[in-house]
Amino acid sequence: MTMVLGIKGDAEPYHCGVCSRQASYLGYHTGGSTPIMWLCEDQACVTFAKRIYSMSYTKLNYIEERAIELASDQTIEPILQTILTHLWDNDHKSLDEITGDHFLKLTDEIKQSKTLNKVFGTFLLSFSNALKTEVGSLDPPF
Ligand SMILES: [Zn+2]
44 MTMVLGIKGD AEPYHCGVCS RQASYLGYHT GGSTPIMWLC EDQACVTFAK RIYSMSYTKL
104 NYIEERAIEL ASDQTIEPIL QTILTHLWDN DHKSLDEITG DHFLKLTDEI KQSKTLNKVF
164 GTFLLSFSNA LKTEVGSLDP PF
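Numbering (this note's numbering), first residue to last: 44 to 185.
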């Protein structure tokens with residue numbers, strides 16, 4: 044499942060290999076022609092670069108799964124609240140009355156919600172912070 048954690052070999056600095064946020068000019072590699080893992084400027088990411096660079100996909104997957112769980116715990120309630128508020132404010136008091144076309148229209152409306160975009164931003168920051176916390180912890184499997 045490894046998505047971006049530990050990603051190596053990008054020609055340009057797209058994603059930080061530790062926290063997955065936007066990378067900076069900083070990178071880590073082990074010398075010679077080994078691929079570069081780009082990093083953001085966060086000191087934690089610079090500190091954890093060596094650990095992540097050499098970590099197995101099994102461990103990277105474990106970290107990402109834990110980070111998704113932690114970030115989801117912090118954002119599931121506001122996501123659900125945003126959706127229910129949108130439905131309620133648009134006079135959809137019962138899910139029985141929502142047809143297929145209605146569902147698609149509501150989906151488009153909710154996608155444009157500034158509140159929902161803010162919640163997704165919170166999710167990404169929470170995910171990033173959880174990655175750093177998980178990498179920095181000495182919990183198994185480390
Ligand atoms: Zn980072």
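Ideal Cβ positions, reconstructed from N, Cα and C, are used throughout, including at glycine.
Applying the criterion that 16 or more other CB atoms from any shown protein chain within 10 Å of the CB defines a buried residue, is residue i buried or exposed?
i      : result
Ala54  : exposed
Ser171 : buried
Trp131 : exposed
Leu127 : exposed
Glu152 : exposed
Leu48  : buried
Phe185 : Per-residue confidence for Phe185 stands at a pLDDT of 48, beneath the threshold of 50, marking its modelled position as unreliable; the derived number appears in the next sentence. When all chains shown are included, Phe185 counts as exposed.
Ile119 : exposed
Leu103 : buried
List the DSSP bridge partners of residue i.
i     : result
His58 : Gln65
Met80 : Tyr71
Tell me where the alpha helix (DSSP H) around residue i begins and ends.
i      : result
Thr125 : 100-132
His145 : 143-154
Cα separation between residue i and residue j?
i      : j      : result
Gln124 : Phe146 : 17 Å
Glu140 : Leu167 : 33 Å
Lys157 : Ser99  : 38 Å
Gly70  : Leu82  : 5 Å
Tyr105 : Glu177 : 9 Å
Can you tell me which of the three DSSP states residue i falls into?
i      : result
Ala180 : For the record, residue 180 in the displayed sequence is Ser; it is not Ala. The answer is coil: DSSP assigns Ser180 none of H, G, I, E or B.
Ser171 : helix
Asp85  : coil
Lys136 : coil
Gly49  : coil
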